[in-house]
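Numbered by our numbering, the letters in the sequence shown go through residues 13 to 211 in order.
See structure below.
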Amino acid sequence: MSKKIPPHNLSHQIDFPMVLFDSLYGLILFFNLDSFLDITDPLHFVLYVFSLIVVIHWWFEYKSADDCYGEEISRSTVNTIIGVILIILLEFFILKMKDGKFYAALSFLMLIFVADIVWALIFRFLGRWKTKDKKLMTYMENELERNMVVDLVALILLAGLFFAFPYIEIFWFVMSLLLIYIFYIYLTYKYKIIDVEIL
Numbered sequence: 013m014s015k016k017i018p019p020h021n022l023s024h025q026i027d028f029p030m031v032l033f034d035s036l037y038g039l040i041l042f043f044n045l046d047s048f049l050d051i052t053d054p055l056h057f058v059l060y061v062f063s064l065i066v067v068i069h070w071w072f073e074y075k076s077a078d079d080c081y082g083e084e085i086s087r088s089t090v091n092t093i094i095g096v097i098l099i100i101l102l103e104f105f106i107l108k109m110k111d112g113k114f115y116a117a118l119s120f121l122m123l124i125f126v127a128d129i130v131w132a133l134i135f136r137f138l139g140r141w142k143t144k145d146k147k148l149m150t151y152m153e154n155e156l157e158r159n160m161v162v163d164l165v166a167l168i169l170l171a172g173l174f175f176a177f178p179y180i181e182i183f184w185f186v187m188s189l190l191l192i193y194i195f196y197i198y199l200t201y202k203y204k205i206i207d208v209e210i211l
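This is the structure:
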């Protein structure tokens, strides 16, 4: 009679992506804070501060998704891979902002939204929920749909700015980018994509 193999303890495997992403987000912020000393142009400085805020905001989004979906996504290799891709894109975004290559930075910001939409599409339509609670499944599916809609709105606005970039002054580009992202932050709080309170 064959001996039954006990189920694996997955706690370390599940915890690894969370520790990895927290460390990577923290490292991105830590290694880019000293760059403030190298920037003298006011508009460049504002955009660089903005890029750090973007990183922090996406960190909040990652933590919120982890709280919302729990092991439904934390056990997924696809979730880890897309998470790493997002962090790489964020790093390129912040580096381009640091170098003053705003057009390239905007391209990477748009790719971040594309990656997040792909992530939501995969888990909404291709993934299989492990829970049997239908109310919870409906809640998570609605959350993914809201996530996609909010991302798509921001992506469309950023695409408009991307094509308008050659025709507008840098001041208006900066103001437009700030307003679009502030609007996106507002939507993530309004539709509870991020659950913490602003005040």
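Note that beta-carbon positions come from the ideal geometry of N, C-alpha and C, so glycine has one too.
- In the same chain as residue 182, and ignoring 5 residues on each side of it, the C-beta atoms closer than 8 Å to its own belong to 55 and 114, in chain order.
- For the pair residue 120 and residue 135, the CB atoms are not nearer than the 7 Å cut-off.
- At least 7 Å separates the beta-carbon of residue 57 from that of residue 65.
- With 16 or more other CB atoms across the displayed protein chains lying within 10 angstroms of its CB, residue 185 is buried.
- For residue 166, the CB contacts under 8 Å within the same chain, skipping 5 residues up- and downstream, are 125, 192, 193, 195, 196 and 199 in chain order.
- Residue 152 is not a Cβ neighbour of residue 201, given a cutoff of 7 Å.
- Contact between residue 67 and residue 40 holds, since their C-beta atoms are separated by about 6 Å, short of 8 Å.
- Around the beta carbon of residue 171, a 10 Å sphere encloses fewer than 16 other beta carbons of the protein chains shown; the residue is thus reported as exposed.
- Distances from the CA of residue 88 to each of 179, 103, 168 and 142 were compared; the closest alpha carbon is that of 142.
- Within the same chain, Cβ atoms closer than 8 Å to the Cβ of residue 118 are found at 170, 173, 174, 177 and 189, the five residues on either side in sequence being excluded.
- Contact between residue 99 and residue 37 holds, since their C-beta atoms are separated by about 7 Å, short of 8 Å.
- The closest CA to that of residue 187, considering only 44, 35, 53 and 59, is found on 59.
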